[in-house]
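Undergrad:
Numbering (UniProt numbering), first residue to last: 1 to 179.
1. Helix, strand or coil, according to DSSP, for residue 174 in the structure here?
2. Within 10 Å of its beta-carbon, does residue 175 have 16 or more other beta-carbons around it, so buried, or fewer, so exposed?
3. Along the chain, where does the alpha helix (DSSP H) that runs through residue 98 open and close?
4. Determine contact between the stretch 136-148 and the stretch 166-174, defined as no fewer than three beta-carbon pairs at a distance below 8 Å.
5. Identify, in the order they occur along the chain, each residue of the same chain with its Cβ nearer than 8 Å to the Cβ of residue 65, setting aside the five sequence neighbours on each side.
6. Have a look at residue 7 and residue 75 and give me their C-alpha separation to the nearest angstrom.
7. Relative to the alpha-carbon of residue 178, which residue among 159, 58, 42, 23 has its alpha-carbon at the smallest distance?
8. By the three-class DSSP mapping on this structure, what secondary structure does residue 165 have?
9. Look at the alpha carbon of residue 137 and the alpha carbon of residue 62, and state the distance between them as a whole number of angstroms.
10. Just verifying my parser: in three-state terms, what is the DSSP assignment at residue 138?
11. Bridge partners of residue 146, per DSSP?
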């Protein structure tokens, strides 16, 4: 009996305790890509801001999915390591691409466009209270909304552009400034 126990102990201790599994690979790749974001040169960061971070987070997600799937389904990673690697790369690429397209833009602030002081425009259509109309501003026709909800502005009237909200100009009639 002791010789069988010693034989089993020898088999258990002779095996490597470190197995490089797919979840571990994706974990290392994800952490490396996330850290690369901090060490990239500044000129590169202007063009590629947050791309390596998004790719790293995607690799971490793939690692988490593979780790949970391995626990739930009882994978033996030695048999799956190389056979399903193409699918793992495909999932990682899909997650990376979708996060770069849809999540990355959320980190950037939109530029606030400022209007110069006392910028003038001419109304092309009526601007009724609470409704939009059209104005001629810097040679282009723009959708416009009156700042004061109680005033109607007739066509061919001079208005002042107060600000831009999206594609709509917020205007005020010249009468308000001269009274």
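All C-beta atoms, glycine included, are put in the ideal place defined by N, C-alpha and C.
TA: Result, derived from the coordinates:
1. The DSSP-derived three-state label of residue 174 is helix.
2. That one is exposed.
3. Bounds of the alpha helix (DSSP H) holding residue 98 are 85-98.
4. Output reads yes: the stretch 166-174 touches the stretch 136-148.
5. The residues are 91.
6. In this prediction, residue 7 has a pLDDT of 47, which is less than 50 and means its spatial position is unreliable; what the coordinates show is noted afterwards. Approximately 27 Å, taken between the alpha carbons.
7. It is 159 whose Cα lies nearest to the Cα of residue 178.
8. The three-state secondary structure of residue 165, taken from DSSP, is strand.
9. If you draw a straight line from the Cα of residue 137 to the Cα of residue 62, it comes to about 51 Å.
10. If DSSP states are grouped into helix, strand and coil, residue 138 belongs with coil.
11. Note: residue 146 sits in a beta bridge opposite 171.
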